[in-house]
Amino acid sequence: MKFIHTADLHIGKRICERSMLEDQRYILAEILKIVEEEKPDGVLIAGDVYDKSVPSAEAVEALDDFLVKLSDFGTKVFVLSGNHDSAERIAFGGRLMASRNVFMSPVYTGEFAPVTLKDEFGEVDVWMLPFVRPATIKASLGVGEEADAEREQITDYTSAIGMALSKMNRIPGRRNVLLAHQFVTGAQVDEAGSEEFVGGLDNVDSYVFEGFDYVALGHIHRPQNVAVNKSGVGYVRYSGTPLKYSLSEAPHKKSVTVVELGDELEIREIPLKPMRDVRKIEASFETLVSAEFRETQVREGKSLDDYIYAVLTDEIDVSDAAAKLRGYYPNLMALTYNNSRTRSVANLDSENVDQKTPEEVFSDFFKEMNNREMDEEESEFVKDLIKSIWEGNR
């Protein structure tokens, strides 16, 4: 049984006010080429299909075109809702689309019905667990003493996801594949990436996925394994995004994951080449605009049409630097400076942030923005607000 695992398409995303739809249509076409060549039994799309819960018409058209072409190949397609998606919008038309072998994750109710596939090794059940919070899982448990007792067992994200998975009636002897969209402990996260998580509150320990043969994860943008099976093969895995969506992702090697479930699990990556790369260039203004520097980039296989984040090392700000650079790099995304002045400011800003409470971090931010300390009433309001947010995540 062969699957292709991808996730976090974020269709409709904008970066630095630029629409990424052209790049997304291009990379979806590249994925279609891979599917046509690999001929998988299923394509697993593990959440954050859209970038916003109310996607634009253009984003919906792009996904519709992608799913229709996947369906035309005859492969089964599994589409999970992530934290950026509206679960209701992803689920809409799901029963009808299933007749075309496109399976949209339903809104979470605590009840699960797998899609069963069969090959020469037997049956494989594919399960979908959309992005959920503990409060949603608690609400699904119903009423009565048994339900109340189960609710008391849910104290964090790990116990919540464990409770949800316990409701899946897995049949002994069958292989099981799960699509999920959560932050699993041990995943490597980029400093300024697009992933959303709250200081460890929504971590899910990977041991809750024991018993599954493969767990196709979404949410973290860097491709990586977070748990391996007895053979040392990564069976709990993030495929990562098909495109780079921030400067922090510039070093990533984007890919789709090919999963083969026979007697043993085998995984491999197929690289994805974007229409435009995301990269950083850093030097003095004079160097960046020089013919020699630009020609060197081209010789190295880098396009001047890439999405460029430029860092100037000049000690004195260059007048209209961004406008001037766009004459050489038309897709300049941002311009910053790295000099003695900016480095001294950065040293101040990074002072022990990880050792401060959320209230202290907000207090520092408030003071920076308003040039004064919060008064007692404002401080109490912030404490209550943070407390309500944390309790809402439980």
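Just so we're on the same page, our numbering is the position in the sequence shown counted from 1, plus 190. Here a beta-carbon is modelled for each residue, glycine too, at the ideal position from N, C-alpha and C.
| Check | Outcome |
| --- | --- |
| Would you decide whether N366 is buried or exposed? Buried here means 16 or more other CB atoms lie within 10 Å of its CB. | buried |
| State the DSSP-derived secondary structure class of F552, mapped to helix, strand or coil. | helix |
| Here's the rule: buried if 16 or more other CB atoms are within 10 angstroms of the residue's CB, otherwise exposed. What is F321? | buried |
| Please classify Q414: does DSSP put it in a helix, a strand, or coil? | strand |
| I think P464 touches D213, with their Cβ atoms under 8 angstroms apart; what is that distance to the nearest whole Å? | 6 angstroms |
| According to the Cβ coordinates, are G424 and I457 closer than 8 angstroms? | yes |
| Using the beta-carbon count (16 or more within 10 Å), is L257 buried or exposed? | buried |
| Assign Y397 to buried or exposed, taking buried as 16 or more other Cβ atoms, counted over all protein chains shown, within 10 Å of its Cβ. | exposed |
| If contact is defined by three or more beta carbon pairs under 8 angstroms, each pair taking one atom from either stretch, is the stretch 481–496 in contact with the stretch 465–473? | yes |
| Count the other CB atoms, across all protein chains shown, that sit within 10 Å of the CB of K420; report buried if there are 16 or more and exposed otherwise. | exposed |
| Per the DSSP calculation, E599 is bridged to which residue(s)? | As shown, the chain starts at 191 and ends at 584. That puts residue 599 outside it, with no answer to give. |
| Need the endpoints of the beta strand (DSSP E) that K470 sits in, please. | 468–473 |
| What separation, rounded to the nearest whole angstrom, lies between the Cα atoms of Q343 and A350? | 8 angstroms |
| Out of curiosity, what's the CA-to-CA distance linking V479 and L502? | 11 angstroms |
| Nearest-angstrom Cα distance between K577 and L234? | 37 angstroms |
| Rounded to whole angstroms, what's the CA-CA distance from A339 to T299? Just pull it up for me. | 18 angstroms |
| Report the rounded CA-to-CA distance for S243 versus E251, giving the unit in angstroms. | 15 angstroms |
| Please report the distance separating the alpha-carbon of H411 from that of T431. | 5 angstroms |
| Could you give the C-beta distance for L451 and V314, rounded to a whole number, given that I count them as a contact under 8 angstroms? | 6 angstroms |
| Using only the alpha-carbon positions, how far apart do A312 and G363 sit? | According to the sequence as given, residue 312 is Gly; it is not Ala. Taking the straight line from one Cα to the other gives about 9 angstroms. |
| Are the CB atoms of A417 and A236 nearer to each other than 8 angstroms? | no |
| For N393 and H409, I'd like the C-alpha separation in whole angstroms. | 12 angstroms |
| Cα-Cα, which of E248, D238, L260, A219 is closest to K229? | L260 |
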